[in-house]
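S.K.: In my numbering, the protein residues as written are 1281 to 1644. All residues carry an ideal CB built from backbone N, CA and C; glycine is no exception. Note that this is a predicted model, so its numbers are computed, not measured.
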Amino acid sequence: MQKKKVIQKIVILVVFLLAGGGMIALLAAANNNKGDHECKEVVVSVKGSGEKYFIEKADILSRLKESSGGSLVGKAISNTNLSKLEMALKQNAWIKEAQLYFDSRDVLHVIVTEREPMARVFTTDGSSFYLDSTGVKMPLLNKVSIRLPVVTNFTAAKKWASKDSVLVKDLATLLAFVNENEFWKAQIAQIDINENRGIELIPAVGNHIIKLGGVENLEQRLHNLLLFYQQVLRKTGFDVYKVVDIQYADQVVGVKTNPTAAIDSVQLQKNIEALIEKTKAQAQNDSLFSEKVTQFVNEKDSAFRKLDSVLTNPIPERKPPSSGPAERQTFSNTKPQTSNTLNKPKESKPVQQPKAVMPKSKKG
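1. Tell me the rounded alpha-carbon separation between I1304 and V1294.
2. For N1433, name the three-state secondary structure that DSSP assigns.
3. Can you round the beta-carbon distance between T1537 and K1522 to whole angstroms, since I take them to be within the 8 angstroms contact cut?
4. Return the chain-ordered ranges of every alpha helix (DSSP H) run that is complete within the region 1441-1510 and spans a minimum of 4 residues.
5. Residues in its own chain within less than 7 angstroms of I1292 by CB, not counting five upstream and five downstream?
6. Determine the direct distance from the alpha carbon of V1512 to that of I1473, and round the result to whole angstroms.
7. Excluding the 5 residues flanking K1239 on each side, which residues of the same chain have their C-beta closer than 8 angstroms to its C-beta?
8. Check whether the Cβ atoms of L1481 and L1411 sit closer than 9 angstroms, and answer yes or no.
9. Are the Cβ atoms of G1415 and V1448 separated by less than 9 angstroms?
10. Let me confirm a value: L1297 is counted as buried when at least 16 other C-beta atoms fall within 10 Å, else exposed. Which label applies?
11. Here's the rule I'm using: 16 or more other beta-carbon atoms within 10 Å means buried, otherwise exposed. How should H1488 be labelled?
12. For K1337 and K1423, I'd like the C-alpha separation in whole angstroms.
13. Just curious, the alpha helix (DSSP H) that L1369 is in, first and last residue?
14. Pull up the CB-CB distance for S1408 and R1400, whole angstroms please, since I reckon it's below 8 angstroms.
15. How long is the line joining the alpha carbons of S1348 and F1334, rounded to whole angstroms?
16. For the alpha helix (DSSP H) containing R1400, name the first residue and the last one.
17. Which class does T1621 belong to by DSSP, given the choice of helix, strand or coil?
18. Please report the distance separating the alpha-carbon of V1453 from that of Q1527.
19. Any idea what DSSP makes of V1512, helix, strand or coil?
20. Counting only the same chain and skipping the five closest in sequence on each side, list residues whose C-beta sits under 7 angstroms from that of A1529.
21. Alpha helix (DSSP H) containing A1338: first to last residue?
22. Measure the C-alpha to C-alpha separation of K1320 and L1388 and round it to an integer number of angstroms.
23. Three or more beta-carbon pairs under 8 angstroms between the region 1458-1470 and the region 1426-1444, yes or no?
24. Considering only residues of the same chain and omitting the five flanking positions on each side of S1325, which have a CB-CB separation below 8 angstroms?
25. Just to confirm, is the Cβ distance from G1534 to F1508 under 9 angstroms?
26. Hey, D1450 and V1524 are a contact pair by Cβ (cut 8 angstroms); roughly how many whole angstroms apart?
27. Determine which residues share a DSSP beta bridge with D1525 and list them.
28. Classify I1426 as helix, strand or coil using the three-state DSSP reduction.
29. Helix, strand or coil for V1295? Go by DSSP, reduced to three states.
30. Beta-carbon within less than 6 angstroms of K1327's beta-carbon, same chain only, minus the 5 sequence neighbours each way: which residues are those?
31. Find out if the Cβ-Cβ distance for the pair T1404, F1382 is shorter than 9 angstroms.
32. Under 9 angstroms, do M1398 and N1459 count as touching if we go by C-beta distance?
33. Is S1325 helix, strand or coil by DSSP?
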């Protein structure tokens, strides 16, 4: 009985070995047979983030033909270096990923994933390029018109310094955040780089400059700015302040254009403080910020009806505010000063209106 079981095990083992050997032989034969086959067709697929594609299939086929030394159709599969062709495609700054493979019908599939431009950057010498969500620099396209936020006064150096690379990462973080938020996507029309490599925002609605600085605590600071819009600018108007400084996480500083448009700054400061503290206490709710943004956008305030045309109409030229003494107000979550909270500068040194200058861009 025991001898019979041993024989059965040996038979089963032999069957498995024969089956495995047969499979290996078939695969080897198929591989050798495929080496004699020729490419019958090239199929190109482009993956993008939206409905508009920035890379044309004809350009991809042209690049493949140039890299392979001729047409791929009719070329032996065994003589086609797919890795080399993928690397050749990735040399195009607009191509993020490239995958090539042959199917069982000897058809070459080329799958290209393109980069998504997040902003158009203008340098100090007037040259221009696109920037994607990962901070990669991409050349301009002649065939496609893209409406994007504008970044001005970026360095014209061909080789970026370490500080410039940090700034690019900050811009990528800011652009990614803005692109995910419908309100800020409509409201932020331009991003300006000042002489200290700080970031300043130019809104589509309102005649003021938003001093952002870096991107630390970005969500909290933009949330505080939203509160400032809701509680202050909707009541005073969007042209009352020439500068709104949100460089600190728990403070909003406003510099007025017209000192005669005074408001009860002490009470307003307390209101802003209470709002910031309230929202910070509810920060564990991840949907808080998006809910408040949605609520704010959906309100019927006449000033924000202008945002409906931001995405379809060109950005209007900014009118410089009237010159004269500026009035500075600070709104923070710290205890308000009981003394004079409106610090007026001397009339002999009026605060000048900061301007975001759009350099002349090259055509194309």
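M.R.: From the atom records:
1. 15 angstroms
2. strand
3. 4 angstroms
4. 1442-1459, 1462-1467 and 1498-1508
5. none
6. 27 angstroms
7. The chain is shown only over 1281 to 1644; residue 1239 falls outside these bounds and no answer can be derived.
8. no
9. yes
10. exposed
11. buried
12. 13 angstroms
13. L1362 to K1370
14. 6 angstroms
15. 23 angstroms
16. Per DSSP, R1400 belongs to no alpha helix (DSSP H); it is in the beta strand (DSSP E), P1397 to T1403.
17. Caution applies to T1621, whose pLDDT of 37 falls short of 50 and renders its modelled position unreliable; the model cannot decide the point.
18. Reading off the sequence shown, one finds Thr at residue 1453, where the question assumed Val. Approximately 16 angstroms between the Cα atoms of the pair.
19. helix
20. N1497, Q1500 and R1501
21. K1337 to S1348
22. 8 angstroms
23. yes
24. H1389, V1390, I1391 and V1392
25. yes
26. The pair is not a contact, with the Cβ atoms about 19 angstroms apart (cut-off 8 angstroms).
27. K1491 and V1533
28. coil
29. helix
30. T1393
31. no
32. yes
33. strand
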